[in-house]
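A.B. asks:
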Amino acid sequence: MILIQKIAAGFCLLIGLPIVLLGTVEALNPSTSAEDREGAIAAVVLFGAPPTALGGWLLWNVRHQNRTKQQPIEHAREQLFLKLLQEPEGTITVLRFASEAAIPLAEAQEFLDSKARQLNASFDTTDEGGIIYRFTM
């Protein structure tokens, strides 16, 4: 559904924006006759503004849906992070967090790096090159 909305938004903007831009330029051109100016304004109002507004609304709607979908995911990650902090003395590895959260390792490391900066955590490296984050409680 989101893909259809994106395509429809692109189509509406592709149709509406050029009409709005050309009509506005024509309406503001001082050498345009009054009759042509009225025609340009009518074209903008009737044929340019509606598809442009619809395309803008569709893009806003897609963005709003993505944000609404992301919030529970971010909340679940935050709750998992807090749960894992309670277990072994506030230490978390990237591999453990990635496997518990079912996310890629790079995404898990980015999340833990962000939390480490936010909570002023320290970290150690294992002999294999893994990172152990230590959060003081």
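Residues in the sequence shown are numbered from 3 upward in steps of one, following my numbering.
Where a beta carbon is used, it is the ideal one built from N, C-alpha and C, also for glycine.
Values in this document were obtained by computation on a predicted structure and should not be read as measured data.
Between the alpha carbons of Ala123 and Glu112, how many angstroms are there, rounded?
C.D. replies: Here residue 123 corresponds to residue number 121 of the sequence shown, with the count starting at 1. Here residue 112 corresponds to residue number 110 of the sequence shown, with the count starting at 1. If I take the Cα positions, the gap works out to 14 Å.
A.B. asks: Taking Cβ positions, are Ala42 and Glu28 nearer each other than 8 Å?
C.D. replies: Residue numbering aside, residue 42 sits at position 40 when the sequence shown is read from its first letter. Residue numbering aside, residue 28 sits at position 26 when the sequence shown is read from its first letter. Between Ala42 and Glu28, the CB-CB gap stays under 8 Å.
A.B. asks: Can you tell me whether Val47 is buried or exposed? The criterion is at least 16 other CB atoms within 10 Å of its CB, across all chains shown.
C.D. replies: Mapped onto the sequence shown, residue 47 falls at position 45. Exposed, because fewer than 16 other Cβ atoms sit within 10 Å of the Cβ of Val47.
A.B. asks: Do Ala197 and Leu87 have their C-beta atoms within less than 8 Å of each other?
C.D. replies: Absent from the model: residue 197. The displayed extent of the chain is 3 to 139, so no value can be given.
A.B. asks: Classify Ile105 as helix, strand or coil using the three-state DSSP reduction.
C.D. replies: As a first step, residue 105 must be located in the sequence shown, where it is residue number 103. Ile105 falls in the coil class under three-state DSSP.
A.B. asks: Can you tell me whether Pro74 is buried or exposed, with buried defined as 16 or more other CB within 10 angstroms of its CB?
C.D. replies: Here the question's residue 74 lines up with position 72 in the sequence shown. Pro74 should be labelled exposed.
A.B. asks: Using a Cβ-Cβ cutoff of less than 7 Å, which residues in the same chain neighbour Gln7 once the five nearest sequence positions on both sides are dropped?
C.D. replies: One-based indexing of the sequence shown puts residue 7 at position 5. Contacts found: Leu60, Asn63, Val64.
A.B. asks: Whole angstroms are fine: how far does the CA of Leu15 sit from the CA of Leu107?
C.D. replies: Within the sequence shown, numbered from 1, the residue matching residue 107 stands at position 105. Within the sequence shown, numbered from 1, the residue matching residue 15 stands at position 13. Between Leu107 and Leu15, the C-alpha separation is close to 38 Å.
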